Amino acid sequence: MMWHVDNVTIGLAAALAVLTIAFARVNRQPDVYPFRLRQQADVTRTRKKGESAIYRSCVTPSGTSLIISPEKDVKTAYDMFQISAKRRPNLPCLGRPSTDGQYEYFTFSEIQQRVTDFGSGLVALCNLPTEREAAIGIYHKNSIEWAITDHACCAYSLVSVPIYDTFDAEALQHIIMNTSVTTVVVGGQLLERLLSIANASPTMKHVIVADTEKLDDTIVKKAADIGLTLMTFQQVESYGTKHPLPHVPPKAQDLMTICYTSGTTGIPKGVMLNHQSITCAGSSLMAVLPPAFRITENDRHLSYLPASHMFERIVFHFVSYAGATIGFPRGDVLKLFDDITVFRPTIFPSVPRLFVRLHDRIRLSIDKGPFIVRALFNVAYSAKRRELRAGRLSNKTIWDRLVFKRIQDRFGGNLRLMITGAAPISTNVMEFLRIVFGCQVLEGFGATETTAAGLVTLYGDYQFPYGPHVGVPFAACEIKLVDVPEMSYLASDKPNPRGELCIRGPLVMTGYYKEPAKTAEALDAEGWYHTGDVAEILPNGTVQIIDRTKNLFKLSVGEYVAPEKVETKLKTAFVAQIWLYGDAMKSACVAIIVPDFEVLILWASDNGFEELNPEELCKNEKVKSMILEDMVALGKDNGLLGFELPKAIHLTTQAFSVENGLLTPTFKSKRSQLKERFQTELNALYEQLCS
């Protein structure tokens with residue numbers, strides 16, 4: 022990904038640089054008055070022993086009702102779509118890439134009719150009892166068919182069971198059997214995997230192939246031989262067109278979906294979320310944004326994060342309710358940026374992994390450019406950073422027109438909001454995105470168990486005077502901290518309370534499906550969900566995630582190490598991925614590192630290693646020493662203690678990915694699988710330390 026600055030631009034920039042810098046201190050008001058950011062949450066006066074006060078959004082302070090829907094007549098996910106379609110029947114609702122490289126669109130009215138047609142065919146052909154919340158599996162990539170299936174489930178009071186396309190056969194079989202799914206809507210590429218577990222999944226009777234117009238006779242016979250009826254999406258929809266059925270609208274407390282968590286260990290758990298959870302999550306986020314900044318009919322969202330994850334699902338439902346247009350990518354990761362350029366999204370929810378990669382690629386592109394390009398970029402960046410730190414964010418400056426517009430245009434040129442979640446992201450990367458793209462960048466915190474909602478940074482909060490944080494509660498929940506004495510985190514700690522983060526409100530799950538014991542572990546008698554995350558509440562009411570109560574390991578010296586916290590603080594420019602490990606019988610940590618080869622190769626060419634390929638670089642002792650020393654230096658700067666720093670590292674060219682089973686679908690490290698995969702390397706590292 023390269024951006025070039027032509028001679029005309031350079032000349033104009035040189036001519037205007039002095040004037041721009043001279044006027045950089047124009048007395049423009051900050052986007053949000055500073056006093057509004059000094060106390061961002063409402064705090065109760067009372068608290069229980071071993072707990073902090075209860076914190077809420079300032080929009081719904083203590084004594085007021087939490088937000089449960091965007092408006093009076095919207096009580097379910099069904100209402101959200103139907104009301105939106107009624108208000109704007111002729112506006113574009115869903116879009117997909119067309120053969121000419123552009124996008125073709127379907128209006129709200131067209132999608133509304135297809136929902137009825139497909140839902141009618143689904144209920145009739147698959148003999149589904151709408152009065153008993155029958156479960157429908159959705160095992161498919163993001164697409165118009167995925168969206169229609171989800172809306173159809175809402176229209177006929179069916180329960181959707183989204184299944185990650187990365188789940189292995191064991192997890193897939195468990196989900197189908199656990200929920201007694203009789204019907205699965207599947208993508209053609211996943212059909213064989215689904216059929217492979219059919220004999221062990223006797224509840225499954227009907228399979229609908231979403232992206233195939235005609236089924237091969239061989240595959241139809243194969244399915245029939247194992248007792249399955251195979252149909253295309255088009256066949257089901259056509260049947261429903263001829264035999265329409267009235268909708269069976271759900272109620273607010275009816276089960277809407279069972280979403281299986283992509284846990285780092287063990288069999289996934291089914292999180293039960295009702296319709297009210299869906300309506301309150303999106304509407305409570307919009308409630309904390311300024312009215313002029315909320316989602317409208319003019320917005321565009323590219324749905325590329327897995328729709329099986331509640332983060333994307335909530336965005337999808339609320340964007341539809343607001344009347345915005347949703348587009349689907351081609352499904353080829355290598356062409357994602359091409360889809361972005363063509364579709365021109367205005368909002369872009371994503372995960373830190375992609376944002377960090379974007380940051381690194383832009384930086385590398387600039388660093389490899391000629392001196393004048395680097396100099397101009399750095400001057401422009403510094404000028405906009407001064408403005409940002411004064412509380413002012415814009416994409417209308419002279420620097421945007423001369424320097425950053427090329428980068429912004431690569432993202433379609435329309436971006437006004439980025440949202441990051443699912444994992445921590447550094448404040449440096451967030452600041453970089455705000456400066457380069459000139460748009461709001463919000464960070465959220467949530468879990469499947471809280472409908473992917475919980476905390477979010479506020480519009481206009483660019484400065485982080487007390488350090489990085491994940492914001493304040495959504496307007497649909499309240500939070501508190503509970504003592505974790507075994508880790509020395511107490512709600513009475515000074516200067517700031519610390520403890521396990523707990524969340525309560527209508528966006529919290531009703532429980533784990535058929536898992537009463539695990540439900541009791543996660544939800545206490547007062548309805549608080551215990552997240553397993555350790556947090557600190559900063560003086561302005563924002564929340565900083567500082568540790569995990571899970572995934573701790575203990576070294577032989579008696580010290581506990583929280584690997585996720587340490588890994589975040591060791592990610593230098595040379596580190597693309599890191600997995601920290603500590604053997605209970607050993608006194609030191611070691612780490613497996615996937616280098617960022619774009620950065621490493623650039624370093625190698627400047628330091629006499631230009632002839633080495635990536636595998637040779639990983640084996641070179643001088644390269645290992647350089648990366649380890651760089652990591653240790655950063656770790657110390659970030660306040661890590663000696664026992665938390667790795668004493669030896671192994672470099673590998675094998676990236677951790679969802680496909681090879683080393684990451685969950687939400688890009689979290691699967692620690693037990695990583696240990697199994699790299700056991701030989703771990704043994705070698707400890708032998709090296711002993712010698």
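Numbering-wise (my numbering), the sequence shown opens with residue 22 and increments by one.
Glycine included, C-beta positions come from ideal geometry on N, C-alpha and C.
It should be emphasised that the depicted structure is a prediction, and the values quoted were computed from it without experimental measurement.
Quick one: is L294 buried, meaning 16 or more other Cβ sit within 10 Å of its Cβ, or exposed? The residue labelled residue 294 in the question sits at position 273 within the sequence shown. Buried, since its Cβ has 16 or more Cβ neighbours within 10 Å.
Within 10 angstroms of its Cβ, does K592 collect 16 or more other Cβ (buried), or is it exposed? The residue labelled residue 592 in the question sits at position 571 within the sequence shown. Buried, by the Cβ-count rule.
First through last residue of the beta strand (DSSP E) which encompasses K668: In the sequence shown, counting from the first residue as 1, residue 668 sits at position 647. Per DSSP, the continuous beta strand (DSSP E) segment holding K668 begins and ends at P667 to L672.
Using the beta-carbon count (16 or more within 10 Å), is V424 buried or exposed? One-based indexing of the sequence shown puts residue 424 at position 403. The residue is buried, with at least 16 neighbouring Cβ atoms inside 10 Å.
Please list the segments of the alpha helix (DSSP H) lying wholly inside the stretch 207-264, counting only runs of 4 or more residues, in order along the chain. Taking 4 residues as the shortest admissible run, the stretch 207-264 contains the following complete alpha helix (DSSP H) segments, listed from N- to C-terminal end: 212-217, 238-246 and 254-263.
Measure the beta-carbon distance from W420 to A401 and round it to whole angstroms, keeping in mind my assumption that it falls under 8 Å. Here the question's residue 420 lines up with position 399 in the sequence shown. Here the question's residue 401 lines up with position 380 in the sequence shown. Confirmed, about 4 Å.
Hey, how far is the Cα of D651 from the Cα of I288? Reading the sequence shown from its first residue, position 630 is the one you call residue 651. Reading the sequence shown from its first residue, position 267 is the one you call residue 288. In a straight line, the C-alpha of D651 is about 38 Å away from that of I288.
Counting only runs of 4+ residues fully inside the stretch 319-376, write out the alpha helix (DSSP H) ranges in chain order. 331-343 and 357-364
Taking DSSP as the reference, what is the three-state secondary structure of D545? In the sequence shown, the residue the question calls residue 545 occupies position 524. Three-state DSSP puts D545 in coil, outside helix and strand.
Three-state secondary structure (DSSP) of Y533: Start at 1 with the first residue of the sequence shown, and residue 533 comes out as number 512. DSSP places Y533 in strand when its eight states are reduced to three.
Identify every residue that forms a DSSP beta bridge with S78. The residue given as residue 78 occupies position 57 in the sequence shown. Partner(s): A62.
Using DSSP's beta-bridge definition, name the partner residues of Y510. Within the sequence shown, numbered from 1, the residue matching residue 510 stands at position 489. BP columns for Y510 point to V505.
A556 vs L528 beta-carbon contact at 9 Å: For the purposes of this step, residue 556 is taken as residue 535 along the sequence shown, with counting starting at 1. For the purposes of this step, residue 528 is taken as residue 507 along the sequence shown, with counting starting at 1. Not closer than 9 Å, so no.
Compare the C-alpha of V582 against each of L662, Q123 and I613 and name the closest. Taking the sequence shown and counting its residues from 1, the one referred to as residue 582 is at position 561. Considering only alpha carbons, the answer is L662.
Reduced DSSP category for I288 - H, G, I as helix; E, B as strand; rest coil: Numbered from 1 along the sequence shown, position 267 holds the residue referred to as residue 288. For I288, the secondary structure class from DSSP, reduced to helix, strand or coil, is coil.
Pull up the CB-CB distance for L559 and G465, whole angstroms please, since I reckon it's below 8 Å. As a first step, residue 559 is located in the sequence shown; it is residue number 538 there, counting from the start. As a first step, residue 465 is located in the sequence shown; it is residue number 444 there, counting from the start. 17 Å between Cβ atoms; not a contact.
Taking all protein chains shown into account, decide if A443 is buried (16 or more other Cβ within 10 angstroms of its Cβ) or exposed. On the sequence shown, residue 443 is found 422 positions in, with the first residue counted as 1. Flag for A443 reads buried.
With DSSP as the reference, identify every bridge partner of K575, one or two as the case may be. To locate residue 575, count along the sequence shown from 1; it is residue 554. Partner(s): Y581.
Among R351, A605 and L601, which residue has its Cα nearest to the Cα of S119? The residue labelled residue 119 in the question sits at position 98 within the sequence shown. The shortest Cα separation from S119 among R351, A605 and L601 belongs to R351.
Using a Cβ-based criterion (distance less than 8 Å to any ligand heavy atom), does I614 qualify as near the ligand ATP? Absence of the ligand ATP is noted for the structure shown, with no ligands found whatsoever.
For V309, name the three-state secondary structure that DSSP assigns. For the purposes of this step, residue 309 is taken as residue 288 along the sequence shown, with counting starting at 1. Three-state result, V309: coil.
What do you get for H161, buried or exposed, if any count of 16 or more other CB atoms within 10 angstroms of its CB means buried? Here residue 161 refers to the residue found at position 140 of the sequence shown. Within 10 angstroms of the beta-carbon of H161 lie 16 or more other beta-carbons, which makes it buried.
Give me the Cβ distance between V269 and Y177, rounded to the nearest whole Å; I'm assuming they're in contact under 8 Å. Here residue 269 refers to the residue found at position 248 of the sequence shown. Here residue 177 refers to the residue found at position 156 of the sequence shown. Yes, they are in contact, since the Cβ atoms of V269 and Y177 sit about 5 Å apart, within 8 Å.
Anyone know if the C-beta pair for I229 and T204 falls short of 9 Å? Position 208 of the sequence shown holds residue 229. Position 183 of the sequence shown holds residue 204. Closer than 9 Å, so yes.
Looking at the strands, I want to know which residues DSSP matches up with T204. Against the sequence shown, residue 204 aligns to sequence position 183. Answer by DSSP bridge pairing, in chain order: I157 and H227.
Less than 9 Å separating the beta-carbons of W549 and I524? Translated into the one-based positions of the sequence shown, residue 549 becomes position 528. Translated into the one-based positions of the sequence shown, residue 524 becomes position 503. Yes, Cβ-Cβ distance for W549 and I524 is below 9 Å.
Under 8 Å: do the stretch 369-387 and the stretch 472-481 share three or more Cβ pairs, one atom per stretch? They do not touch, by the three-pair rule.
Distance between F398 and P391 (C-alpha atoms, nearest Å): Within the sequence shown, numbered from 1, the residue matching residue 391 stands at position 370. Within the sequence shown, numbered from 1, the residue matching residue 398 stands at position 377. Spanning the two alpha carbons is a distance of roughly 11 Å.
S713 versus K501: straight-line alpha-carbon distance, rounded: Missing from the structure shown is residue 713; the chain here goes from 22 to 712 and no further.
Can you give me the Cβ contacts of R374 inside the same chain, cut-off strictly under 6 Å, excluding the 5 residues immediately before and after it? Numbered from its first residue, the sequence shown carries residue 374 at position 353. So the qualifying residues of the chain are F688.
Between the stretch 528-538 and the stretch 602-609, can you find at least three pairs of beta-carbon atoms closer than 8 Å? no
How many Å lie between T701 and G84 at the Cα? Translated into positions along the sequence shown, residue 701 becomes position 680. Translated into positions along the sequence shown, residue 84 becomes position 63. Cα-Cα distance, rounded: 58 Å.
Could you pull the start and end residues of the beta strand (DSSP E) that T3 belongs to? Within the shown structure, residues of the chain are numbered from 22 to 712, placing residue 3 beyond reach of any answer.
C-beta atoms of I335 and A156 nearer than 9 Å: For the purposes of this step, residue 335 is taken as residue 314 along the sequence shown, with counting starting at 1. For the purposes of this step, residue 156 is taken as residue 135 along the sequence shown, with counting starting at 1. Going by C-beta atoms, I335 is not nearer than 9 Å to A156.
Beta carbon of I613, beta carbon of F699: below 9 Å? In the sequence shown, counting from the first residue as 1, residue 613 sits at position 592. In the sequence shown, counting from the first residue as 1, residue 699 sits at position 678. Yes. Within cutoff.
N- and C-terminal bounds of the alpha helix (DSSP H) containing A654: Position 633 of the sequence shown holds residue 654. Looking at the DSSP string, the run of the alpha helix (DSSP H) that includes A654 is E642 to D658.
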